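Residue numbers (our numbering): 735 to 920. We put the beta carbon where it would ideally sit given N, CA and C, even for glycine. Predicted, not measured: the structure shown is a model, and the values here were computed from it.
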Amino acid sequence: MARNLEKCLRLVDEDKAITSPGAKVPYYPLVVRKGSGAIIEDVDGNSYIDLLASAGAVNTGHCHPRVVEAIKKQSENLILYTHVYMYHEPIIDLTKELIAITPGQYRKRVFYGLCGSDSNDGAIKMARWATKRSKIIAFIRAYHGSTFGAMSLSGVSLPMVRGMGPLVPEIYHVPFPDPYRTPLPG
Ligand SMILES: Cc1ncc(COP(=O)(O)O)c(C=O)c1O
Numbered sequence: 735m736a737r738n739l740e741k742c743l744r745l746v747d748e749d750k751a752i753t754s755p756g757a758k759v760p761y762y763p764l765v766v767r768k769g770s771g772a773i774i775e776d777v778d779g780n781s782y783i784d785l786l787a788s789a790g791a792v793n794t795g796h797c798h799p800r801v802v803e804a805i806k807k808q809s810e811n812l813i814l815y816t817h818v819y820m821y822h823e824p825i826i827d828l829t830k831e832l833i834a835i836t837p838g839q840y841r842k843r844v845f846y847g848l849c850g851s852d853s854n855d856g857a858i859k860m861a862r863w864a865t866k867r868s869k870i871i872a873f874i875r876a877y878h879g880s881t882f883g884a885m886s887l888s889g890v891s892l893p894m895v896r897g898m899g900p901l902v903p904e905i906y907h908v909p910f911p912d913p914y915r916t917p918l919p920g
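Now the structure itself:
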């Protein structure tokens with residue numbers, strides 16, 4: 735039986751008229767109302783298994799009760815925090831935790847990015863600073879984000895890149911070393 739997507743399709747049309755076209759990859763008219771664990775529900779009441787875990791950002795599942803509880807608790811104390819101007823104990827605790835669970839026994843420092851793109855820009859800066867070399871290799875078809883550094887790394891053709899150059903220099907795109915998914919014919 736075909737799914738009813740009436741409200742989803744209407745909202746997708748509304749969204750298209752007012753949202754930047756570079757900001758979405760519209761595979762399917764999925765307008766999410768809520769999520770719980772691995773299941774997400776759209777505004778027409780259809781359920782889906784989120785095999786992508788929202789691009790890996792919700793590996794504990796959608797709205798895990800402990801995550802919801804932690805967000806509620808934190809929002810009662812402090813919502814906005816700018817690490818440049820002040821310190822905050824829960825961040826220090828989180829940093830210690832991250833250092834403890836990441837592999838390797840050496841002195842570690844943590845950098846908090848605002849999103850994946852910001853983290854990749856941070857990686858470019860750190861790699862160039864640490865090696866004193868500027869050339870970077872990125873893979874064709876890999877997506878790294880939407881900030882200037884991250885979109886310069888991204889080897890995919892997206893409207894968000896076209897006509898916005900020059901991009902960050904000295905980034906070279908190479909095929910992924912996988913003989914089954916080579917971009918070359920044959
Ligand atoms: C592999 C990968 N890297 C980077 C990003 C960029 O992350 P963000 O959208 O949080 O900036 C994404 C986002 O989809 C991604 O899938």
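A straight-line Cα-Cα distance of about 26 Å links Ala857 and Glu823. The beta carbon of Asn780 lies closer than 6 Å to those of Arg737 in the same chain, with the five residues before and after it left out. Counting every other CB atom within 10 Å of its CB across the protein chains shown gives Ile783 a total below 16, marking it as exposed. Leaving aside the five residues that flank Ala884 on each side, the residues in its chain whose CB is nearer than 7 Å to its CB run, in chain order, Ser851, Asn854, Asp855, His878. Per DSSP, the beta-bridge partners of Tyr906 are Ile871.
Thr881 sits buried, since 16 or more C-beta atoms from the chains shown fall within 10 Å of its C-beta. His796 is classed as buried because its beta carbon has at least 16 other beta carbons within 10 Å across all chains shown. Across the structure, Ser888 and Ile871 are spaced so that their CA atoms are roughly 11 Å apart. Val801 sits in a helix when the DSSP states are folded into three classes.
Counting only the Cα atoms, Val890 lies some 17 Å from Glu904.
Annotated three-state conformation of Arg843 is coil, per DSSP. Ile813: not part of any alpha helix (DSSP H); DSSP gives it neither H nor E.
Note on Ile774: 16 or more other CB atoms within 10 angstroms of its CB, so buried under the neighbour-count rule.
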